[in-house]
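Presented below is the structure to which this report refers.
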Amino acid sequence: MKSRLPVLVAFISGALMILAFFGRGTVVDAVSDRALTWQTIVGGFSLLLGAVSIARVHWKKVATRHEDRFYSLCLLICFVVMGGSGVFYGIGSGTLFDTLFQRIQAPMMSTMFSVLAFFIASAAYRAFRARSASSAILLVAAVLVMLGRIPMGQYIYHGLPSWADWIMTVPSMAVQRGILIGAALGAASMSLRIILGIERTYLGRG
Amino acid sequence: MNIVTHPKSRPDVIPADAGIQRVRAALDSRFRGNDVGGVKAIRECGRRLSAAEQAFTGLITIVLTVQVILPSVSTGDGQLAGVFRMERINALVLSVVFGAAVLWYIAQARRGAKMYVRPIPGLSAVDEAVGRATEMGRPVVYIPGTGDLDEIQTIAGLSILGRVARVTARYNTPLRVPVLYPLPMAAAQETVREAYLDEGVEHQDPETVQYVAGESFSYSARVGGIMMRERPGAAIYMGLFTAESLLIAEVGQSTGAIQIAGTAAPDQLPFFIAACDYVLIGEELYAASAYLSGDPKILGSLKGQDLMKIVITVIVLAGVLAITFGQNPEWLTAIFEAK
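Right under this line is the structure:
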């Protein structure tokens with residue numbers, strides 16, 4: 001039963017979405033709209049699962065005096081303050097929740113995003129070492145594209161921007177499309193397997 | 001990590017109807033090493049639905065009918081006129097051809113035809129990576145992508161998680177699965193629990209699969225923290241990734257972990273290739289569950305997929321030749337035109 005019910009739900013949901021894509025008319029549209037509304041509601045309620053998971057994991061660390069308990073305590077305090085301010089005072093502009101989000105959380109997220117620049121530099125340094133013929137080709141292509149995309153490239157050689165465009169629109173695009181076609185077929189095949197109940201490995205039953 | 005050996009019973013696979021003794025005997029035989037007979041007997045018993053199971057299935061069908069279909073019919077005009085979107089006929093034809101090819105090869109596989117799948121080095125390296133983490137006494141970090149459960153790449157990631165969890169359970173290696181959304185968390189918890197049960201252990205550590213954050217960069221910060229503090233021996237990333245891919249993979253790289261990644265997002269592939277030891281590219285991610293399970297039915301679907309790839313290649317080549325020789329066959333482009 002535990003494996004039949006998810007497979008049944010997957011079949012009904014998948015068949016419904018296929019009908020909605022190819023079908024026309026108020027009945028099909030209304031059924032698929034209602035199913036999507038259900039999905040949104042279930043997704044919303046599932047946030048409770050996440051909140052319980054966070055509270056349980058970090059409370060355990062505090063209670064058992066784990067070496068990382070101070071991080072966990074900090075997280076629990078933030079969790080209660082942000083959640084409480086949102087529930088009791090609202091989330092509109094100018095509220096405590098909004099202030100905490102705009103002044104603390106948003107800058108921290110921006111900081112994480114900006115760190116990406118340093119990670120790209122370190123990853124590029126490793127990737128662009130010419131240790132083999134293929135990595136040498138990668139290095140030359142990357143240098144041409146990077147130089148072709150900045151104003152200085154045009155001063156070095158006026159044809160560099162068009163070379164960079166050619167690399168991006170012909171070989172790079174061809175490879176990307178090949179990957180996309182293969183991935184799309186793989187996704188369609190896997191969807192079919194899931195809808196028909198052939199693929200059940202995602203249920204933990206390999 | 002709190003793992004309790006549970007050799008005697010597996011209540012989740014024991015049906016409530018008659019035959020329970022047979023299942024128990026089958027399980028006992030399995031734990032004695034006679035695996036094949038046990039699994040066969042379990043499957044045989046599982047085919048019979050008990051009265052309670054039938055009632056539950058019926059209830060679900062009634063609820064779906066009353067709550068979804070009937071209200072929709074009553075809000076609509078009930079007419080079936082103009083039920084098909086003719087502008088999508090090309091997609092329907094391609095889908096039917098593709099579906100038929102997949103089903104035909106699945107039927108072939110069921111009849112015993114041998115299916116070959118080329119080796120995927122990234123997947124072959126999973127056991128090696130977990131073994132290395134075990135030798136070093138370090139955990140394995142597994143990330144099933146940063147998409148929600150409605151994303152097919154997340155499902156593919158969860159499929160591979162089942163295999164990884166089985167190997168970590170076998171070696172008693174700690175596993176960490178931080179997730180970005182609550183629904184994949186619930187699915188991952190179930191996948192890990194089932195995988196551990198398959199290896200004969202009951203999994204009880206709530207920290208294994210944990211919800212971390214609902215926002216991408218907060219998630220990256222937390223995952224980076226886990227990696228820096230716990231120093232995993234292996235880090236595996238399978239599923240949909242966006243801007244956080246390099247933030248996570250570079251931190252993993254700096255900890256010296258063996259890194260295996262797989263995604264069908266072309267924008268993130270270069271980052272993984274730069275930061276990871278093995279990368280599953282595009283369709284390899286979806287083929288992974290077939291490769292790992294070895295199930296001939298799933299392998300058959302890969303064969304159908306390959307046939308469709310040949311069809312598409314032929315059509316693309318025909319288009320290239322037509323354009324090269326100065327033709328512009330609109331009917332050819334209309335085959336793939338999305339509406």
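Protein chains in written order, with this note's numbering: chain C, 1 to 206; chain G, 1 to 339.
All C-beta atoms, glycine included, are put in the ideal place defined by N, C-alpha and C.
Pick from the options that is closest to residue i, judged by C-alpha positions
| i | options | result |
| --- | --- | --- |
| V42 of chain C | G:L149, G:P139, G:R132, G:V117 | G:L149 |
| P232 of chain G | G:R110, G:D267, G:P174 | G:P174 |
| A230 of chain C | C:L203, C:L76, C:W166 | Nothing can be reported for residue 230 of chain C: it is not among the residues displayed for chain C, which extend from 1 to 206. |
| G256 of chain G | G:Q268, G:V279, G:E230, G:L269 | G:E230 |
| V130 of chain G | G:G147, G:W104, G:T146, G:R166 | G:R166 |
| G319 of chain G | G:A334, G:R111, G:G157, G:M308 | G:A334 |
| T242 of chain G | G:W104, G:M86, G:E151 | G:E151 |
| Q253 of chain G | C:I104, C:S122, C:M146 | C:S122 |
| P266 of chain G | C:L185, C:Y202, C:M173 | C:M173 |
| E283 of chain G | G:P270, G:L302, G:V83, G:T324 | G:L302 |
| I143 of chain G | G:V97, G:P178, G:E202, G:E199 | G:P178 |
| G114 of chain C | G:A107, G:R88, G:A113, G:E244 | It is worth fixing the name first, because residue 114 of chain C is Ser in this sequence and not Gly. Measuring from the Cα of S114 of chain C, the nearest candidate turns out to be G:E244. |
| W38 of chain C | C:M168, C:V9, C:R65 | C:V9 |
| I248 of chain G | G:A221, G:A234, G:P270 | G:A221 |
| V164 of chain G | G:M228, G:L269, G:P139 | G:P139 |
| L123 of chain G | G:S159, G:R111, G:L183, G:I106 | G:S159 |
| A187 of chain C | G:R85, G:P121, G:Y286 | G:Y286 |
| I120 of chain C | G:P270, G:F98, G:D198 | G:P270 |
| Q268 of chain G | C:L180, C:T64, C:Y202, C:A106 | C:L180 |
| L185 of chain C | G:I323, G:V97, G:M86 | G:V97 |
| I361 of chain G | G:A125, G:R85, G:A290 | For chain G, the structure presents residues 1 to 339; residue 361 of chain G sits outside this window and is missing. |
Test item: CB-CB of residue i and residue j under 8 Å
| i | j | result |
| --- | --- | --- |
| I195 of chain C | G14 of chain C | yes |
| T191 of chain G | L161 of chain G | yes |
| L240 of chain G | T263 of chain G | yes |
| I260 of chain G | I236 of chain G | yes |
| W163 of chain C | G178 of chain C | no |
| A234 of chain G | Y196 of chain G | no |
| V251 of chain G | G224 of chain G | yes |
| L299 of chain G | A109 of chain G | yes |
| V207 of chain C | P206 of chain G | There is simply no residue 207 of chain C to check, as chain C begins at 1 and stops at 206 in what is shown. |
| V7 of chain C | A20 of chain C | no |
| A186 of chain G | L49 of chain C | yes |
| L16 of chain C | A35 of chain C | yes |
| Q210 of chain G | S53 of chain C | yes |
| R193 of chain G | V141 of chain G | no |
| M168 of chain C | V145 of chain C | yes |
| G25 of chain C | V83 of chain G | yes |
Own chain, CB closer than 6 Å to residue i, minus 5 neighbours either side, in chain order
| i | result |
| --- | --- |
| P171 of chain C | none |
| G23 of chain C | none |
| D28 of chain G | Reliability of the predicted coordinates at D28 of chain G is poor, the pLDDT of 48 falling under 50, and the value obtained from them is presented with this limitation in mind. Around D28 of chain G: no qualifying Cβ. |
| V62 of chain C | R69, S72, L73 |
| G86 of chain C | F97 |
| R193 of chain C | E199 |
| L180 of chain G | T146, Y219 |
| S46 of chain C | none |
| F11 of chain C | I195 |
| A322 of chain G | P329 |
| P182 of chain G | Y211 |
Cβ-based neighbour list, residue i, same chain, cut-off 8 Å, excluding 5 preceding and 5 following
| i | result |
| --- | --- |
| I155 of chain G | L149 |
| L100 of chain C | V81, M82, S85 |
| A338 of chain G | A91 |
| G90 of chain C | F97 |
| L103 of chain G | G304 |
| E44 of chain G | With a pLDDT of 46 at E44 of chain G, under the threshold of 50, the modelled position of that residue is not reliable, and no figure is offered here. |
| R88 of chain G | K339 |
| A55 of chain C | L76, F79 |
Sequence-distant residues of its chain with Cβ nearer than 7 Å to residue i (five each side left out)
| i | result |
| --- | --- |
| G362 of chain G | Outside the modelled stretch of chain G, which goes from 1 to 339, sits residue 362 of chain G, for which no answer is possible. |
| G153 of chain C | L147, L160, P161 |
| D77 of chain G | Low local confidence applies: a pLDDT of 46 at D77 of chain G is under 50, so the model's placement there is unreliable, and no value is given. |
| Q189 of chain G | V209 |
Contact set between residue i and chain A, taken where Cβ atoms lie within less than 7 Å
| i | result |
| --- | --- |
| F98 of chain G | Note that chain A does not occur in the displayed structure, where the protein chains are C and G. |
Is it the case that the stretch 109-121 of chain G contacts the stretch 203-219 of chain G, given that we only count it when at least three CB pairs across the two stretches are under 8 Å? no
How do the stretch 122-135 of chain C and the stretch 264-280 of chain G stand: do at least 3 beta-carbon pairs fall below 8 Å, yes or no? yes
Would you check if the stretch 121-134 of chain G and the stretch 312-331 of chain G touch, i.e. whether three or more CB-CB distances between them fall below 8 Å? no
Indicate whether the contact test is met: 3 or more Cβ pairs, each with one atom in the stretch 310-322 of chain G and one in the stretch 292-302 of chain G, closer than 8 Å. no
Please go through the stretch 179-212 of chain G and give each complete beta strand (DSSP E) segment of 3 or more residues, from N-terminal end onward. 201-203, 209-211
Which residue spans inside the stretch 84-153 of chain G form an unbroken beta strand (DSSP E) run of at least 3? 140-143
Can you check the stretch 76-110 of chain C for any alpha helix (DSSP H) of at least 4 residues that lies completely inside it and give the ranges in chain order? 96-100
Which whole runs of the alpha helix (DSSP H) in the stretch 217-278 of chain G are 4 residues long or more, in chain order? 244-254, 269-275
Give the list of continuous alpha helix (DSSP H) stretches no shorter than 4 residues that lie fully inside the stretch 8-33 of chain C. none
Going residue by residue through the stretch 273-312 of chain G, where are the continuous alpha helix (DSSP H) segments of at least 4 residues, counting only ones entirely within it? 283-293
Quick one: complete alpha helix (DSSP H) runs, 4+ long, within the stretch 140-177 of chain C? 151-156, 160-169
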